[in-house]
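Heads up: the structure comes next, in structure tokens.
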Amino acid sequence: QAFASIDGILYSKDQKTLIQYPPKKAGDSYAIPEEVETISKYAFAGNSIIKSISIPNSVNKIHSYAFYKCAALEDINIPTEVKTLSMRVFEGCTSLKELVLHNKITKIDYGAFIRCSALEKMQIPESVTVIGGYAFAECSSLKEINLPSGLKELPYAVFEDCTSLETITIPNGIKKIDFNTFLNCTS
43 QAFASIDGIL YSKDQKTLIQ YPPKKAGDSY AIPEEVETIS KYAFAGNSII KSISIPNSVN
103 KIHSYAFYKC AALEDINIPT EVKTLSMRVF EGCTSLKELV LHNKITKIDY GAFIRCSALE
163 KMQIPESVTV IGGYAFAECS SLKEINLPSG LKELPYAVFE DCTSLETITI PNGIKKIDFN
223 TFLNCTS
């Protein structure tokens with residue numbers, strides 16, 4: 043047997059990978075067990091019930107789309123061993139207002155926070171050197187963002203349709219601001 047099912051949640055046999063959390067599972071909070079090291083692609087995708095997820099520091103990899111369209115998600119932590127926020131990891135988390143990022147994260151990948159329409163403020167740590175295109179696109183409540191000094195480029199459409207964006211701190215080291223970076227940033 044290659045899998046383990048505990049309380050309806052699917053894990054790898056050794057329980058080091060959380061593969062699938064049922065999208066209609068009762069309960070609005072979940073604490074991922076300490077033995078988990080990886081959260082699979084689409085693991086929580088489409089869950090409209092869960093509001094709070096506690097991730098242990100044992101987790102070192104969160105795959106793309108892991109929390110895709112978790113519409114009720116308000117509270118989640120990023121463990122210190124996670125270095126990259128994968129592609130579209132929080133796409134469509136429309137209730138997520140704030141997320142504290144630790145200072146070991148080096149990359150915020152393509153579309154990581156796209157369509158997080160409740161996200162109001164983001165303090166990106168100095169450790170981040172790469173932000174992917176569309177990373178914050180359509181974050182229509184985002185008012186303020188501080189960019190780290192090690193960032194060299196603002197990629198394509200990274201803040202597109204951030205209609206509430208009023209304040210952004212752009213470091214001196216930025217060498218390139220790509221096409222449509224601030225498209226429809228009307229504030």
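66 is the number that the working numbering gives to position 24 of the sequence shown; each next residue is one higher, with no gaps. Note that beta-carbon positions come from the ideal geometry of N, C-alpha and C, so glycine has one too. Since the structure is predicted, the reported quantities are computational estimates derived from the model, not experimental observations.
- Query: Going straight from the alpha carbon of Glu140 to that of Leu225, what length do you get?
  - Reply: In the sequence shown, residue 140 corresponds to position 98, counting from 1. In the sequence shown, residue 225 corresponds to position 183, counting from 1. Taking the straight line joining both Cα atoms gives about 23 Å.
- Query: What first and last residue would you give for the beta strand (DSSP E) that runs through Phe45?
  - Reply: Taking the sequence shown and counting its residues from 1, the one referred to as residue 45 is at position 3. Segment Phe45 to Ile48, the beta strand (DSSP E) holding Phe45.
- Hey, how far is the Cα of Gln57 from the Cα of Ile187? Counted from its first residue, the sequence shown places residue 57 at position 15. Counted from its first residue, the sequence shown places residue 187 at position 145. Approximately 37 Å between the Cα atoms of the pair.
- Message: Are the CB atoms of Ser128 and His144 within a distance shorter than 8 Å?
- Response: Along the sequence shown, read from residue 1 onward, the residue named residue 144 stands at position 102. Along the sequence shown, read from residue 1 onward, the residue named residue 128 stands at position 86. For His144 and Ser128, no; Cβs fall outside 8 Å.
- Terminal residues of the beta strand (DSSP E) in which Ser159 lies: Taking the first residue of the sequence shown as 1, we reach residue 159 at position 117. Segment: none, Ser159 is in no beta strand (DSSP E) and carries neither H nor E.
- Start-end ranges of the beta strand (DSSP E) lying completely within the segment 127-203, minimum 3 residues: 163-165 and 186-188
- Task: Have a look at Ser229 and Ser206 and give me their C-alpha separation to the nearest angstrom.
- Result: Position 187 of the sequence shown holds residue 229. Position 164 of the sequence shown holds residue 206. Rounded to whole angstroms, Ser229 to Ser206 spans 5 Å at the Cα level.
- Query: In whole angstroms, what is the alpha-carbon distance linking Ile166 and Asn89?
  - Reply: Counting from one through the sequence shown, the residue named residue 166 turns up at place 124. Counting from one through the sequence shown, the residue named residue 89 turns up at place 47. Those two C-alpha atoms are separated by around 26 Å.
- Message: What residue range does the beta strand (DSSP E) around Ile61 cover?
- Response: For the purposes of this step, residue 61 is taken as residue 19 along the sequence shown, with counting starting at 1. First-last of the beta strand (DSSP E) with Ile61: Thr59 to Gln62.
- Item | Minimum C-alpha distance to Ile61 - residue among Val131, Val78, Lys67 and Cys112 | The count along the sequence shown starts at 1 and reaches residue 61 at position 19. Of the candidates Val131, Val78, Lys67 and Cys112, the one whose C-alpha sits nearest the C-alpha of Ile61 is Val78.
- Message: Taking a contact to mean a Cβ-Cβ separation below 8 Å, would you say Ile150 touches Val124 in this structure?
- Response: As a working mapping, residue 150 is identified with position 108 in the sequence shown. As a working mapping, residue 124 is identified with position 82 in the sequence shown. Result no, Cβ atoms of Ile150 and Val124 do not sit closer than 8 Å.
- Query: What's the C-alpha gap between Cys112 and Pro64?
  - Reply: As a first step, residue 112 is located in the sequence shown; it is residue number 70 there, counting from the start. As a first step, residue 64 is located in the sequence shown; it is residue number 22 there, counting from the start. Rounded to the nearest angstrom, the two C-alpha atoms are 12 Å apart.
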